[in-house]
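Residue numbers (numbering that gives the first Met the number 0): 0 to 304. We put the CB at the ideal spot given by N, CA and C, even for glycine.
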Amino acid sequence: MAKATFLIAAASASAGAAITAFFMGRRTSAPTPPPAAAPTPSPMVSPTEAGTRISHAGLVPKSIVDPSGWFAYGAPGPVNDLATRTSFFSVYDRRTRNPAWVAEHITAESLTGSKGDRKNSVFVEDTAVPEKFRAKLKDYFRSGYDRGHMAPAADAKFDQKAMDETFYLTNMCPQVGEGFNRDYWAHFEDFCRRLTSRYRSIRVITGPLYLPKLDVDGKYRVTYEVIGSPPNVAVPTHFYKIIVGESTATPSPTASVAIGAFVLPNARIDNRTPLAEFAIGGGHFAGKLIVALLFENSHHALLSL
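Right under this line is the structure:
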């Protein structure tokens, strides 16, 4: 199989703060068209403290998946309103009323489960977040946007509790429906699941971006729609996924892994568009920098997926 290495990086600003998103491995053709108890919010801690707390404090009981394995490589930050779920971790951004990032873990075994059925799940507000900072069901009502999962419901079929937890609004962002959430983005999520046939374990971090756009006066500005009544929930301009393919049974800071990233606009996308168009070439300095920051040990090289 022909392989080419890609790196994806994109600069984003949210409420005055810049974010950059990350990496990827294999050139691919276009995607083939076709409630549990609420957790207690965590206080603000440093990324290193968060990683240690998550990895070693036993916050997640033994399960068919282990999302805490992400933190063997490094801990994204900042961390606030940290939710510990069965199949994923999420960190909530009170400014935008969206998750800052969601880290999940999938395997071939977890995807073959069938105890979870989304017909038995309902969208629910996360009462662990103070009400004045909480995304609410009414915010999405007649907004013109879907409640788009960051950790997909289809990744949690192995358990009904895990399935239910994907329907918290702290796992949602406003997404364009037709042509994106119900189409290209859904195929992209399936692409991630299909990687489990090639790797023992797949880890994915997903989140929103608020990228600057060039205005007519030649200056770059960050602008985005806000929905709700009163308008509180930011509509991201883009979304990213960071993917790690593991070949070992246990994540290790010394193991070689395949890593990559994609940045997609929150807009209708033709299903014939190759996924590789949302990658940035492997020599891009920003992508290398982000990988170095996320993966704290320099030996984590970019490998082909």
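Inter-stretch contact at 8 Å, needing at least 3 Cβ pairs: the stretch 104 to 124 / the stretch 195 to 207: yes
Straight-line gap, Ser-255 to Glu-245 (C-alpha atoms, nearest Å): Within the sequence shown, the letter at position 256 stands for residue 255. Within the sequence shown, the letter at position 246 stands for residue 245. So the two alpha carbons sit approximately 8 Å from each other.
Distance CB(Thr-85)-CB(Ala-152) smaller than 9 Å: As a first step, residue 85 is located in the sequence shown; it is residue number 86 there, counting from the start. As a first step, residue 152 is located in the sequence shown; it is residue number 153 there, counting from the start. Not closer than 9 Å, so no.
Distance CB(Ala-233)-CB(Tyr-219) smaller than 9 Å: Residue numbering aside, residue 233 sits at position 234 when the sequence shown is read from its first letter. Residue numbering aside, residue 219 sits at position 220 when the sequence shown is read from its first letter. No; because the gap between Cβ atoms is not below 9 Å, this pair is not in contact.
Nearest neighbour of Phe-87, chosen from Val-225, Trp-69, Gln-159, Trp-184 [CA to CA]: If you number the sequence shown from 1, residue 87 lands on position 88. If we check each option's Cα against that of Phe-87, Trp-69 comes out closest.
Continuous alpha helix (DSSP H) assignments of at least 4 residues falling wholly in the stretch 173 to 234: Runs of the alpha helix (DSSP H) inside the stretch 173 to 234: 183 to 193.
Segment limits, alpha helix (DSSP H) that includes Ala-161: Residue mapping note: residue 161 aligns to position 162 of the sequence shown, counting from 1. Unbroken alpha helix (DSSP H) run through Ala-161: 159 to 164.
Residues sharing a beta bridge with Tyr-91, DSSP: The residue you call residue 91 lines up with position 92 of the sequence shown. Its beta-bridge partners are Pro-98.
Cα-Cα separation, Ala-134 to Leu-194: To locate residue 134, count along the sequence shown from 1; it is residue 135. To locate residue 194, count along the sequence shown from 1; it is residue 195. Ala-134 and Leu-194 have their C-alpha atoms roughly 32 Å apart.
Best match in Asp-163, Ala-150, Tyr-139 for proximity to Val-121 [C-alpha to C-alpha]: Here residue 121 corresponds to residue number 122 of the sequence shown, with the count starting at 1. Of the candidates Asp-163, Ala-150, Tyr-139, the one whose C-alpha sits nearest the C-alpha of Val-121 is Asp-163.
Residue span of the beta strand (DSSP E) that contains Lys-240, given as start and end: By 1-based counting over the sequence shown, the position of residue 240 is 241. Its beta strand (DSSP E) spans residues 237 to 245.
Rounded separation between Pro-34 and Val-215 - CA only: Working through the sequence shown from its first residue, we reach residue 34 at position 35. Working through the sequence shown from its first residue, we reach residue 215 at position 216. With a pLDDT of 44 at Pro-34, under the threshold of 50, the modelled position of this residue cannot be trusted, and the question is left open.
Closest Cα partner of Thr-165 within the set Ala-155, Cys-172, Leu-274, Val-221: On the sequence shown, residue 165 is found 166 positions in, with the first residue counted as 1. Of the candidates Ala-155, Cys-172, Leu-274, Val-221, the one whose C-alpha sits nearest the C-alpha of Thr-165 is Ala-155.
Buried or exposed (CB count within 10 angstroms, at least 16 for buried), Thr-253: Position 254 of the sequence shown, counted from the start, is the residue given in the question as residue 253. With fewer than 16 other Cβ atoms within 10 Å, it is exposed.
Span of the alpha helix (DSSP H) around Leu-136: Mapped onto the sequence shown, residue 136 falls at position 137. The continuous alpha helix (DSSP H) containing Leu-136 extends over residues 136 to 139.
Three-state secondary structure assigned by DSSP to Glu-130: Walking along the sequence shown from the start, residue 130 turns up at place 131. In this structure, Glu-130 counts as helix in the three-state DSSP scheme.
Spatially closest choice to Arg-146 from Glu-130, Ala-185, Gly-115, by CA coordinates: Along the sequence shown, read from residue 1 onward, the residue named residue 146 stands at position 147. The shortest CA-to-CA distance from Arg-146 to any of Glu-130, Ala-185, Gly-115 is the one to Ala-185.
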